[in-house]
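When we follow the numbering used here, the leftmost residue of the sequence shown carries the number 685, and every step to the right adds one.
Shown next, in structure tokens, is the structure this report addresses.
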Amino acid sequence: MAFETNKFEVSKKKRLEKNTFVVECNIETNVEINKILSVCHSAQPDNVEVLNEVANYSGSLDVCLIYLTVDGEIGTINSSCPFASKFEDADIQVGDKMNIRVDVLDYAVDTVTSSNVKISCTCEQSAVLIGSREVSNITTGDEDICIKEDELSVHTLIGQAKESFVVVSDFSIKEPVRKVIATDSQVAVKNVDSGVNFVSVSGEVVTRLLYLTENDRFETSYVTENFKEELELEGVQRESVCEATACVKKASIKCEVEEQEKGINIKVSVPIEIVATAYQEKNVVVVKDVYSTSNDLQLTTSSFDMTREFQGEVFESKIDGSLTLDENQLRVDKLLFVGGSNLNITNAYIKDGDVFVEGVSKTNVIYLNDETNSLNSVVIEVPFVVSDKTECPDAKVCVSAMLTDVDVVVKKGREFFFDAKVKVRVEYDCDEFGAVISNIEQTGEIPERDCGMELVFAKSGQSAWDVAKMINVREEVLTLQNPEVVFPLEQDENLIVFYQKR
């Protein structure tokens, strides 16, 4: 009696445990800084090395400082601080893919000197582990073995593709500009479509420009550029389910300023990196049940789990909030500008047909106090919950979000009111569980029958397979000898089976 092991693959996702770590940024300066007004930050993971049970990665933490010099000038420093970290988990295997995200939860300005600014950033790392797992299934071609096969729908990982490109944004300002203070770009994925051997990813890049006019007015402009890129990925079909993540390589953003007769033209080149992952649903043939006409068998069943992907969706919403200054804080006599905003997603879930996304927005606001003739900054922290209808069933939710069109007003010198748009992309998946026969052992021979005919008492609901397995004969023997019987049985039946000598 010979059995063979067939193997098939299923895709498996796992969200790894979140951890925090601290990145110390030592930023060189060449001016006398009186005060740090705003700190904008974003972390970009890169260079992932996946080993068994551990994944090492490195990246850069990009920081934009807006500061006030001792001479009363406002300046900007952009710096990129390298870091390295790792994930440890028993399920990590060589060859797995990882989508890693690093959020800056908080920061502290440790020291400020004429040559150096030291900032400690508390970062939170999270990751989704994506891999293929083999499932073993037993089969045989022996004549005395009866096999019942079934088709099983499984999801498999096709692969992952990465591409880098540059999106150019143009600003035209029709008035004299004294200084461009800061630029900041964000990227959002809007649609992910599959073709034959490629994945099409479209989205938008939103760039914010902060500048000072010759009339000493601080102004903010936004420009949105759409993009569509095709990533080659062999094996993708039109019915494949695909997902994509995108990030801005902020350390490599280039800003070119061209003087015009009445104002300036600004060209911002924004490097983007996209990672697309594709999955395919397919049917595999597995052995659902097995028995022998000559031997007693013991079956071992093994369970397995896989991840089923659903197509993602995008929605927009508004968030708002307020902040009242404490009595010991200087009042606002003039709101100058918003230094920058950061967005952290804290939770996402599905409830009653809606997907909910919770998070915290932090916005740096710079203002003037006339009494002390000083520039001051304050952070407006706004917790939010946004939601949208979803047709996806209960599933795990993975979210990316982008904050745009930030607006802050002040009333009565102490009350800040904040509102902004948030663009959210949601990816859905759920775990499914199955089982296959993974091992078969012969436990003994079936004794040779001492009769040539047997009356079999079959019960209502039994199939031909159930009855044949019960008496250890082939299913076709049972049905040929009882041609008038319809299976599955609608009522209890007495069946007659004739045996042949072995």
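Note that beta-carbon positions come from the ideal geometry of N, C-alpha and C, so glycine has one too.
Query                                                                                                             : Result
Segment contact flag, the region 980-987 with the region 884-897, C-beta cutoff 8 Å, min 3 pairs                  : no
Member of L1007, I1121, V734 whose CA lies at the smallest distance from the CA of S769                           : V734
Length at least 4, wholly inside the region 1122-1166: the alpha helix (DSSP H) runs in chain order               : 1148-1155, 1159-1165
Separation of N910 from G1005, as counted between CA atoms                                                        : 29 Å
Between the CA atoms of V1090 and A1104 - distance to the nearest angstrom                                        : 4 Å
In chain order, each beta strand (DSSP E) run of at least 3 residues that lies wholly inside the region 1027-1075 : 1038-1053, 1058-1073
Cβ pair V998, V1108 closer than 8 Å                                                                               : yes
G924 - DSSP class collapsed to helix/strand/coil                                                                  : Inspection of the sequence shows that residue 924 is occupied by Ser rather than by Gly. Note: S924 maps to coil in three-state DSSP.
Residue interval of the beta strand (DSSP E) (run including D973)                                                 : 947-976
Local conformation of S936 per DSSP, three classes                                                                : helix
Three-state secondary structure (DSSP) of L752                                                                    : strand
Pairwise C-alpha distance: V969 and E1138                                                                         : 34 Å
Distance CB(E916)-CB(N967) smaller than 8 Å                                                                       : no
For Q1175, three-class secondary structure by DSSP                                                                : coil
C-beta contact flag for T1074 and V1044 at 8 Å                                                                    : no
E1125 versus V1081, A1152, F705, I822, residue with shortest Cα-Cα distance                                       : I822
Integer-rounded CB distance, given that E818 should sit under 8 Å from K691                                       : 5 Å
I934 burial status per 10 Å Cβ neighbour count (16 or more: buried)                                               : In the sequence as presented, Ile is not what sits at residue 934; that position holds Lys. With 16 or more other Cβ atoms within 10 Å, it is buried.
Three-way DSSP call (helix, strand, coil) for E827 in this model                                                  : coil
For I761, three-class secondary structure by DSSP                                                                 : strand
Buried versus exposed, by CB contacts within 10 Å (16 or more), C1135                                             : exposed
Proximity below 8 Å, CB of I1029 to CB of V1070                                                                   : no
Where L1007 falls: helix, strand or coil (DSSP)                                                                   : strand
Exposure label - A774; buried when at least 16 CB within 10 Å                                                     : exposed
Outcome for S744 when other beta-carbon atoms lying within 10 angstroms are tallied against a minimum of 16       : buried
Identity of the residues DSSP links to R1109 by a beta bridge                                                     : V998, S1084
CA-to-CA distance, G947 to K719, given in whole angstroms                                                         : 30 Å
Burial state of F1021, where buried means 16 or more other Cβ atoms lie within 10 Å                               : buried
Cβ distance (whole Å) where V1092 is taken to contact V1049 below 8 Å                                             : 5 Å
Three-state class that DSSP yields for V1016 in the structure shown                                               : coil
Spatial distance of L1087 from V971 (CA atoms)                                                                    : 51 Å
D980 - partner residues in DSSP beta bridges                                                                      : G1128
Closest Cα partner of K1187 within the set K858, I831, N1053, K1080                                               : The displayed coordinates of the chain run from 685 to 1186. Any statement about residue 1187 would go beyond what the structure contains.
One or two residues paired with A1104 in a DSSP bridge                                                            : I1003
Host beta strand (DSSP E) of N783 (start-end)                                                                     : 781-796
Beta-carbon proximity check, I937 vs S1001, cutoff 8 Å                                                            : no
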